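Colleague:
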Amino acid sequence: MVENRLDTTFQALADPTRRGMLASLALGEKSIGELGEPFRMTFAGAAKHVKVLESAGLVQRRKAGRKQICTLRAEPLAEAEQWLKQWEEFWSLRLDRLQAIVEGSR
17 MVENRLDTTF QALADPTRRG MLASLALGEK SIGELGEPFR MTFAGAAKHV
67 KVLESAGLVQ RRKAGRKQIC TLRAEPLAEA EQWLKQWEEF WSLRLDRLQA
117 IVEGSR
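Next comes the structure, spelled out in C-alpha cells:
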C-alpha cells in the first residue's frame, strides 16, 4: 500500500507545474484560479493538475462560495522523504568508501 502511495506521490511531483502549485500552497491556501494564474492556464487546465495532486493526497479541496480553495497536505511528502533518505544513506556510505580509497592511493 505504501508503494502505491509513493507511486502516486512521485507521479504528481513529476510535473513542474504541479511542483510549482505545491510551492505556492506552501505559502497558504489558494483557489484553483490563483494556482493556475502564474502558468497562464485556464481554470480547466489548473483543475486537472489539482485533481492529480488531490488524488495523490497532496492537496485538499473545499468549496467557499463559488471558489474551490486548495490546501497543502504534506504527509505524502514526508513518506517520500523517508523513502529517499534510505538512498541518501546508501550513497553516502558508498561515497565515503570511494573517498577512503582515493585518499589511500595518494
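Heads up, the sequence shown is in the working numbering, so the first residue is 17 and it goes up one at a time. We treat Cβ as the ideally placed atom computed from N, Cα and C, and that holds for glycine. As the structure is a prediction and not an experimental result, all values here were calculated from the model.
(1) I believe Gly52 touches Gly61 by the beta-carbon criterion, under 8 Å. Please report the beta-carbon distance rounded to the nearest angstrom.
(2) My assumption, with CB atoms under 8 Å, is that Ala72 sits in contact with Gln115. Please give the rounded CB distance.
(3) In three-state DSSP terms, what is Leu51?
(4) Considering Arg77, what are the terminal residues of the beta strand (DSSP E) in which it resides?
(5) Between Leu41 and Thr87, which are expected to be in contact by the criterion C-beta below 8 Å, what is the C-beta distance as a whole number of angstroms?
(6) Do you know offhand how far Ala80's Cα is from Asn20's?
Modeller: By the coordinates alone:
(1) Translated into the one-based positions of the sequence shown, residue 52 becomes position 36. Translated into the one-based positions of the sequence shown, residue 61 becomes position 45. With a Cβ gap of about 6 Å, Gly52 and Gly61 count as contacting.
(2) By 1-based counting over the sequence shown, the position of residue 72 is 56. By 1-based counting over the sequence shown, the position of residue 115 is 99. The Cβ separation is near 37 Å, so there is no contact.
(3) Within the sequence shown, numbered from 1, the residue matching residue 51 stands at position 35. It is helical.
(4) Against the sequence shown, residue 77 aligns to sequence position 61. Segment 75-80, the beta strand (DSSP E) holding Arg77.
(5) Here residue 41 is taken as the residue at index 25 of the sequence shown, counted from 1. Here residue 87 is taken as the residue at index 71 of the sequence shown, counted from 1. With 8 Å as the limit, Leu41 and Thr87 qualify as a contact, their Cβ atoms being about 7 Å apart.
(6) Within the sequence shown, residue 80 is the residue found at index 64, counting from 1. Within the sequence shown, residue 20 is the residue found at index 4, counting from 1. Distance between the alpha carbons of Ala80 and Asn20 is about 31 Å.
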